[in-house]
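Residue numbers (this note's numbering): 335 to 601.
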């Protein structure tokens, strides 16, 4: 695990353009097309497997067995990571999934895997008192502007909860070029998404709403991504007695880099 942020010159300025998936007016059915696709790709490819050891470190430091996932969308990688935490570290966990725009169909799938997906909207900047446990965000930190990222991190620190955010989008020329493949990936992965509804097939193959929407949001996500050195500077300004932050990049063999931010109470 590389626990220090890798220093690189900023080749691309951060642009906080609009993502369709963030818009309150965006039709729920179309948003779910995107979040279900993102869940399927992450699960099938194991894109966040490298997060396992980071999560274990946070869970052990905080003494909790609960993961409170913020921005779960179409379910996200948490159920898969729970299995990996038990296999690699002997940690049995329970999971509570949340989102600002909850996905009711994903909630049913989550329940089938033993997780709870709350039907009420939850804002990662102001997590209610009744949600206790290690907070996680998977490919969601880029949805927040830097000052909002600070709010998200400060809220966890103030409550003394462990926190971990993971990003697989990177604000680099290569990351931007990689988004050109998104429409093709949507066409390839859609048959693996469950449930495979007539509406999903219609808006993917007959009228390519899903490929185009995901391509746009993928490009914007890349341009919005926070670089490790930016996150490191932000967390250094948050350092307080009794709580510690680290930023780094981790990799699983044969898979892409995962940028992470980890916050832990110090016992």
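Using N, Cα and C, we set each Cβ at its ideal position, and we do this for glycine too.
Note that the coordinates shown come from a computational prediction; the quantities given were computed from them, not determined experimentally.
Integer-rounded CB distance, given that residue j should sit under 8 Å from residue i
| i | j | result |
| --- | --- | --- |
| residue 405 | residue 458 | 6 Å |
| residue 519 | residue 364 | Their Cβ separation, rounded to whole angstroms, is 18 Å, which puts residue 519 and residue 364 out of contact at 8 Å. |
| residue 566 | residue 581 | 4 Å |
| residue 496 | residue 599 | 7 Å |
| residue 412 | residue 502 | Not really, about 15 Å apart at Cβ, beyond 8 Å. |
| residue 491 | residue 597 | 6 Å |
| residue 537 | residue 367 | 6 Å |
Close-in-space but distant-in-sequence residues of the same chain around residue i (CB under 6 Å, 5 per side omitted)
| i | result |
| --- | --- |
| residue 451 | 431, 441, 444 |
| residue 553 | 513 |
| residue 378 | none |
Residue i versus residue j - alpha carbon distance
| i | j | result |
| --- | --- | --- |
| residue 373 | residue 428 | 19 Å |
| residue 371 | residue 435 | 16 Å |
| residue 353 | residue 555 | 7 Å |
| residue 527 | residue 473 | 19 Å |
| residue 486 | residue 460 | 7 Å |
| residue 464 | residue 493 | 11 Å |
| residue 401 | residue 578 | 19 Å |
| residue 523 | residue 488 | 37 Å |
| residue 467 | residue 570 | 23 Å |
| residue 507 | residue 549 | 16 Å |
| residue 521 | residue 539 | 7 Å |
| residue 338 | residue 533 | Confidence in residue 338 is poor, its pLDDT being 41 and thus under 50, which makes the residue's placement unreliable; the coordinate value appears in the next sentence. Looking at the two C-alpha atoms, the distance is approximately 45 Å. |
| residue 403 | residue 345 | 31 Å |
Close-in-space but distant-in-sequence residues of the same chain around residue i (CB under 8 Å, 5 per side omitted)
| i | result |
| --- | --- |
| residue 351 | 554, 557, 558 |
| residue 535 | 524 |
| residue 389 | 401, 415, 419, 468, 470, 498 |
| residue 362 | 435 |
Cβ-based neighbour list, residue i, same chain, cut-off 7 Å, excluding 5 preceding and 5 following
| i | result |
| --- | --- |
| residue 384 | 584, 585, 586, 589, 592 |
- Task: May I ask you to verify whether the stretch 393-402 touches the stretch 352-364, counting CB pairs closer than 8 Å and requiring at least 3?
- Result: No: the two stretches stay apart, fewer than three of their Cβ pairs being nearer than 8 Å.
- Message: Extract the residue ranges of the beta strand (DSSP E) inside the stretch 407-495, only unbroken runs of 3 or more that lie entirely within it.
- Response: 428-433, 450-455, 468-472
- Item | Segments assigned alpha helix (DSSP H), at least 4 residues, entirely inside the stretch 519-567 | With a minimum length of 4 residues, the continuous alpha helix (DSSP H) runs that stay inside the stretch 519-567 are 532-535, 543-558.
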